[in-house]
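Chains as they are written, first to last, in our numbering: chain A, 1 to 282; chain B, 283 to 403.
Here a beta-carbon is modelled for each residue, glycine too, at the ideal position from N, C-alpha and C.
Small disclaimer: the values here were computed from a predicted structure and weren't measured.
Below you'll find the structure, written out as structure tokens, and then a few comments.
What follows is the structure, encoded as structure tokens:
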């Protein structure tokens, strides 16, 4: 929508450099699909844990698990740079200096007056994300036996934490960009309306009212878009926290509390499912 | 977008340090607050011209974090130079027609903060 408003500005300013074909695209369809694939895998993963614990064998879930897992394994082997590089968001947001080195779970910051680009993503971290995606994909393809589940959950926890952090930071960045896009749309709409009121414009009153009435609708869309991304980020954050608690519980050999934690994880996984059902069919 | 000025100083750290980013964000918010609260066409026109350039600094910083693309790194540096030159113009413009801006002092202070952190030639 913003692109349309910017086109009007370009034409009003007789900006000869404007070319609609050069309209920037923040995320390609491939980038979006990569993110959705990881989110879908996390949701199926949480459902699978419950099914395995129940000893239930749901053919539908088994098929979904294998399908999502296979898809993910191929992503892990050929990870889209956009997914790998979003770790840079974490590096930037957790340091107050310009140089950050991340190795495994350790982040080292160095004060520096460097004027070159900070190394956003070390090869180790890139490998950790690829490994995490592969591990999740492999878990979904292979599944596991109930008695092996606690150990598997502990093993999976660092991978889940890594993936959730990457996705949550990525979504937060997209949230900021989207909010500013809507600000711009509202600001330009307001300017167009006021310009139409200038003497000599002779704008059709009905058309003028229609333009004014667009403002609250745009503001509503802005809130809705923000809420949707905020909910998704919240669900991912909760998934990470809940999984970590589950992994801790898995080492205590208390079947009752383990099942309670599993149920909590299932609830959080369902929230991810709500995000999918809110997406357009295409 | 117009061609960025080329005669500008030291290259800033990319991605932006938290302090520099916060200064641009604060300026963006101050301009947005003025835009939300005014019906003055001249003020809106002036602010609508430069707020997107501040937005571009923040957006390109976000994009660089998403993609770590060196092309975006260069684009962000040029954008900051261009934006900061424009902010000088906007500051003079606001000062000359301050009566059109309810928050003239706040916006000028936010501009000065950015220009202090990322000075222009």
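With C-beta atoms as the reference, is residue i less than 8 Å away from residue j?
i	j	result
residue 153 of chain A	residue 246 of chain A	yes
residue 342 of chain B	residue 358 of chain B	yes
residue 185 of chain A	residue 212 of chain A	no
residue 141 of chain A	residue 70 of chain A	yes
residue 272 of chain A	residue 43 of chain A	yes
residue 41 of chain A	residue 136 of chain A	yes
residue 227 of chain A	residue 208 of chain A	no
residue 2 of chain A	residue 181 of chain A	yes
residue 53 of chain A	residue 149 of chain A	yes
residue 143 of chain A	residue 48 of chain A	yes
residue 399 of chain B	residue 301 of chain B	yes
residue 260 of chain A	residue 242 of chain A	no
residue 252 of chain A	residue 161 of chain A	no
Could you give the C-beta distance for residue i and residue j, rounded to a whole number, given that I count them as a contact under 8 Å?
i	j	result
residue 339 of chain B	residue 361 of chain B	5 Å
residue 333 of chain B	residue 187 of chain A	7 Å
residue 250 of chain A	residue 258 of chain A	6 Å
residue 354 of chain B	residue 369 of chain B	Contact flag wrong, Cβ pair sits at about 21 Å.
residue 344 of chain B	residue 23 of chain A	In fact, because the Cβ distance is near 17 Å, the residues do not count as touching under 8 Å.
residue 320 of chain B	residue 384 of chain B	6 Å
residue 229 of chain A	residue 178 of chain A	7 Å
Counting contacts by CB-CB distance shorter than 8 Å, is residue i in contact with chain A?
i	result
residue 316 of chain B	no
residue 333 of chain B	yes
residue 308 of chain B	no
residue 321 of chain B	yes
residue 399 of chain B	no
residue 372 of chain B	no
residue 326 of chain B	yes
residue 407 of chain B	The requested residue 407 of chain B is not part of the displayed model; chain B covers only 283 to 403.
residue 344 of chain B	yes
residue 406 of chain B	With chain B running from 283 to 403 in the structure shown, residue 406 of chain B is simply not present.
residue 340 of chain B	yes
residue 360 of chain B	no
residue 347 of chain B	yes
Is there at least one Cβ from chain B nearer than 8 Å to residue i's Cβ?
i	result
residue 259 of chain A	no
residue 196 of chain A	no
residue 265 of chain A	no
residue 190 of chain A	yes
residue 173 of chain A	yes
residue 187 of chain A	yes
residue 184 of chain A	yes
residue 209 of chain A	no
residue 176 of chain A	yes
residue 35 of chain A	no
residue 180 of chain A	yes
residue 20 of chain A	no
residue 12 of chain A	no
State the Cα-Cα distance for the pair residue i and residue j, rounded to the nearest angstrom.
i	j	result
residue 46 of chain A	residue 220 of chain A	33 Å
residue 159 of chain A	residue 233 of chain A	18 Å
residue 117 of chain A	residue 294 of chain B	Reliability fails at residue 117 of chain A, whose pLDDT of 30 lies under 50, so the model's placement of it is uncertain and no value is given.
residue 326 of chain B	residue 379 of chain B	12 Å
residue 134 of chain A	residue 376 of chain B	55 Å
residue 239 of chain A	residue 157 of chain A	11 Å
residue 312 of chain B	residue 224 of chain A	23 Å
residue 105 of chain A	residue 164 of chain A	Because the pLDDT at residue 105 of chain A is just 45, under 50, the model does not fix this residue reliably, and the value given afterwards should be weighed accordingly. Cα to Cα, residue 105 of chain A sits roughly 14 Å from residue 164 of chain A.
residue 287 of chain A	residue 12 of chain A	Residue numbering for chain A in the displayed model covers 1 to 282; residue 287 of chain A lies beyond these limits and cannot be assessed.
residue 387 of chain B	residue 316 of chain B	11 Å
residue 183 of chain A	residue 347 of chain B	22 Å
residue 323 of chain B	residue 191 of chain A	7 Å
residue 200 of chain A	residue 7 of chain A	24 Å
residue 269 of chain A	residue 62 of chain A	16 Å
residue 335 of chain B	residue 189 of chain A	18 Å
residue 132 of chain A	residue 176 of chain A	27 Å
residue 146 of chain A	residue 51 of chain A	9 Å
residue 37 of chain A	residue 331 of chain B	39 Å
residue 337 of chain B	residue 25 of chain A	16 Å
residue 32 of chain A	residue 171 of chain A	11 Å
residue 401 of chain B	residue 366 of chain B	8 Å
residue 60 of chain A	residue 352 of chain B	44 Å
residue 391 of chain B	residue 310 of chain B	12 Å
residue 382 of chain B	residue 198 of chain A	16 Å
residue 151 of chain A	residue 30 of chain A	34 Å
residue 138 of chain A	residue 35 of chain A	18 Å
Is residue i near the ligand GTP, going by C-beta to nearest heavy atom under 7 Å?
i	result
residue 54 of chain A	The model on display carries no ligand, and the ligand GTP is accordingly not part of it.
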